[in-house]
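Line order of the protein sequences matches chains A and B.
Here full-length UniProt numbering is used: the first residue of the first sequence is 1, the next is one more, and so on.
Here full-length UniProt numbering is used: the first residue of the second sequence is 1, the next is one more, and so on.
Note sheet for the following structure.
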Amino acid sequence: MDFSFPGHGYSSHTYRSPDGRFSFSSATYRGSFPPRQGGAYSNPMVSMLQTLQTILTDISNPHDHQPPDHHVQPHGQSSSTSPRQHSSEQEDLRHDEFPDVFRHLSGRGGPSPVAPMGQMESLAEYVSRLHRRYPRVLSRPPIDHDIDSLLDSVRRTAEFPNHGLILSALLRDIAEMQNHGRFGDAVYSREALDEVIAQLGQQDEQRGGPPPASPTAIQSLPTKKIDVHMMDSDGKAECAICKDQAELGTEVTVLPCEHWFHFDCIEVWLSRHDTCPNCRQSIGSARSFTNSTRSPGEGTRDHPISVPASPEQPSPERRRRRSSPFSRSSLSSRSGRRSLSRTTTNSPTQETAPRSRRSSRSEGLRGGITGWVWSRFGGSSS
Amino acid sequence: MGSQKRIAKELSELTASPPDGITVTLLDEANLYEWKVLMEGPEGSPYQGGIFQIRLVLPTEYPFKPPTVSFATKIYHPNVTNDDKGSMCLGMLRPDEWKPSSKIGAVLEFARQLLAEPMPDDAIEGRIAEQYKNDNKRYDEIAREWTRKHANKT
């Protein structure tokens with residue numbers, strides 16, 4: 001949320017780690033707060049929070065459409081027209097004693113970095129209240145991926161201009177948080193910031209786990225096509241990572257321990273940890289399996305697999321079929337190189353079912369505005 | 001993201017044929033990554049007769065990163081933190097032991113097995129582990145008492 005009030009010596013910064021896994025914000029109040037003179041605080045955050053609380057309180061009481069009793073403070077105009085009343089309201093909002101409702105929304109303070117979703121319940125609740133309160137705006141089916149138009153319409157339709165502004169900021173914040181898969185990373189106290197930093201220190205990706213395999217070793221792994229011997233007694237073969245059925249003739253990557261996986265699946269794992277997902281054997285430790293005279297990427301030639309039901313038809317220019325839901329676009333250079341030394345079949349057995357990014361099942365599980373927010377900004381990125 | 005497909009698959013499998021004494025649901029049906037698990041205390045253990053609510057949280061990188069398992073119901077056990085988090089320390093979920101081929105069902109069955117047979121040498125609550133080893137009768141009493149008090153099915 002970009003609260004920028006240059007005239008008031010207040011600034012807010014968001015830090016994000018280069019890989020995008022962490023982000024946190026800091027707010028800085030420059031200068032000193034004046035002693036309470038007529039109760040007029042110049043801290044813009046206070047009036048902002050107050051307004052936000054007003055909105056949320058308002059929204060929480062759908063039957064009470066009365067405008068809020070107290071004066072809504074426009075940002076940056078803290079010299080109030082009713083200083084006395086203002087003073088009494090802000091009595092409880094001094095320093096970091098933020099209203100509970102805001103703490104609820106922003107509080108990363110919780111000690112559990114492994115369970116970020118807890119925050120979502122309350123956010124979802126607020127969003128659904130927003131939805132009830134501003135149905136015209138929020139129920140409009142999103143057509144494109146431009147959140148700004150949505151925010152603009154919120155801004156225009158809200159009863160109070162300030163409400164609209166803050167609502168849109170709130171929505172943007174939700175979008176922002178969802179985009180990075182973290183919730184409530186904003187911190188509003190030194191202690192909370194320290195806590196977050198301490199947590200980040202403990203969250204090291206490679207903590208305790210085996211080191212990754214080298215990209216070369218991963219690229220050099222031989223491949224073969226699924227044959228009848230690789231299927232179980234039910235005539236099925238399953239990639240142990242994505243748990244998808246691998247059809248007869250699907251090209252898979254074989255590890256030295258002879259366990260096989262979709263290349264795209266195993267590549268993600270091996271570039272984190274050099275262990276077989278089934279037996280934990282390293283791919284670097286048993287090189288004897290791979291023929292040293294062979295150049296990388298010619299596995300199919302060295303391990304020819306005859307598949308009686310589907311005679312091979314050379315079609316070298318055909319790109320390898322996407323055979324895993326864990327595909328990464330960054331693999332394109334590899335695909336290009338490898339495709340030169342491969343043949344693929346056109347047999348129907350190689351066909352895999354069309355994939356959607358999200359299964360229909362998970363689509364179906366998400367409904368309403370929270371589902372929409374989630375699907376737009378949540379786990380659909382790959 | 002590919003993880004959703006696998007998670008949805010595992011969820012439907014576990015719903016269709018749940019393991020013994022284990023029931024899974026989504027905490028929020030819009031969120032595949034947080035599960036509410038009801039686990040019956042294994043027979044013959046001091047947890048017998050109790051129903052324990054467990055929160056299973058899957059990272060977005062699942063299955064490349066392990067899920068976490070925590071007890072929402074208070075439980076007296078050497079391998080579950082005796083605090084408001086109730087984190088369960090499962091060997092197979094540690095970063096150096098996690099394998100992406102492990103399924104959620106296996107994790108939950110392992111967790112239930114750990115209720116039947118605590119692993120005091122791998123404990124997270126040292127005091128309870130000591131008691132389990134040295135004064136098993138007392139451990140049994142307290143665990144039973146907590147089960148009656150906190151994990152009572154009603």
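Yeah, the Cβ is synthetic: ideal placement off N, Cα and C, and Gly gets one too.
As the structure is a prediction and not an experimental result, all values here were calculated from the model.
Open item on the list: Are the CB atoms of residue 246 of chain A and residue 239 of chain A within a distance shorter than 7 Å?
Closed with: yes
TODO: Can you tell me which of the three DSSP states residue 260 of chain A falls into?
DONE: strand
Open item on the list: In the DSSP assignment, the beta strand (DSSP E) including residue 115 of chain B goes from what residue to what residue?
Closed with: From DSSP, residue 115 of chain B is part of no beta strand (DSSP E) but of the alpha helix (DSSP H) over 104 to 116.
Open item on the list: Could you pull the DSSP bridge partners for residue 69 of chain B from this structure?
Closed with: B:56
Task: For residue 236 of chain A, the three-state DSSP class (helix, strand or coil) - done: coil
Task: Cβ neighbour criterion (16 or more within 10 Å) applied to residue 43 of chain B - done: exposed
Open item on the list: Against residue 236 of chain A, what residues of chain B qualify as contacts under a CB-to-CB distance less than 8 Å, listed in chain order?
Closed with: Those within 8 Å of residue 236 of chain A in chain B number zero; the least Cβ separation is about 14 Å.
Task: Outcome for residue 279 of chain A when other beta-carbon atoms lying within 10 angstroms are tallied against a minimum of 16 - done: exposed
Open item on the list: I need the straight-line Cα distance from residue 164 of chain B to residue 233 of chain A, nearest angstrom please.
Closed with: The question about residue 164 of chain B has no answer, for chain B in this structure spans 1 to 154.
Task: Candidates B:29, B:4 and B:41, of which the one nearest residue 22 of chain B by Cα - done: B:41
Task: Neighbouring residues, chain A, relative to residue 63 of chain B (Cβ below 7 Å) - done: 241
Open item on the list: Applying the 10 Å Cβ sphere with the 16-neighbour rule, what's the burial state of residue 92 of chain B?
Closed with: exposed
Task: Any chain A beta carbon closer than 7 Å to residue 101 of chain B - done: yes
- [ ] Note down the Cα distance separating residue 226 of chain A from residue 276 of chain A, rounded to an integer number of angstroms.
- [x] 18 Å
TODO: Consider the Cβ of residue 9 of chain B: report whether some Cβ of chain A lies at a distance smaller than 7 Å.
DONE: yes
Open item on the list: Please tell me whether residue 269 of chain A has its Cβ less than 7 Å away from any Cβ of chain B.
Closed with: yes
- [ ] Mind the definition here: the segment 97 to 104 of chain B touches the segment 64 to 76 of chain B only if three or more C-beta pairs lie below 8 Å; say whether that holds.
- [x] yes
TODO: State the DSSP-derived secondary structure class of residue 255 of chain A, mapped to helix, strand or coil.
DONE: coil
Open item on the list: I'd like the list of long-range same chain contacts for residue 114 of chain B, defined as Cβ closer than 6 Å, with 5 residues on each side in sequence excluded.
Closed with: 79
Task: Within-7 Å CB hit, residue 277 of chain A to chain B - done: yes
Open item on the list: For a quick check, are the C-beta atoms of residue 213 of chain A and residue 283 of chain A less than 7 Å apart?
Closed with: yes
TODO: Pick helix, strand or coil for residue 162 of chain B, following the three-state DSSP scheme.
DONE: Because residue 162 of chain B is not part of the residues shown, which for chain B are 1 to 154, the question remains open.
Task: Same chain, Cβ closer than 6 Å to residue 228 of chain A, neighbours up to 5 away in sequence not counted - done: none
Open item on the list: Is there a C-beta anywhere in chain A that falls below 7 Å from the one on residue 138 of chain B?
Closed with: no
Task: Rounded C-alpha distance that separates residue 216 of chain A from residue 70 of chain B - done: 39 Å
- [ ] Closer than 6 Å by C-beta to residue 36 of chain B: which residues in its own chain qualify, once you throw out the five before and the five after it? Chain order, please.
- [x] 25 and 27
Task: 7 Å Cβ cutoff met for residue 45 of chain B and residue 123 of chain B - done: no
Open item on the list: Please report the distance separating the alpha-carbon of residue 135 of chain B from that of residue 50 of chain B.
Closed with: 22 Å
TODO: With DSSP as the reference, label residue 3 of chain B as helix, strand or coil.
DONE: helix
- [ ] Look at the Cβ atom of residue 268 of chain A, then the Cβ atom of residue 222 of chain A, and state whether they are nearer than 7 Å.
- [x] no
TODO: Pull up the distance between the alpha-carbon of residue 107 of chain B and that of residue 17 of chain B, whole angstroms please.
DONE: 15 Å
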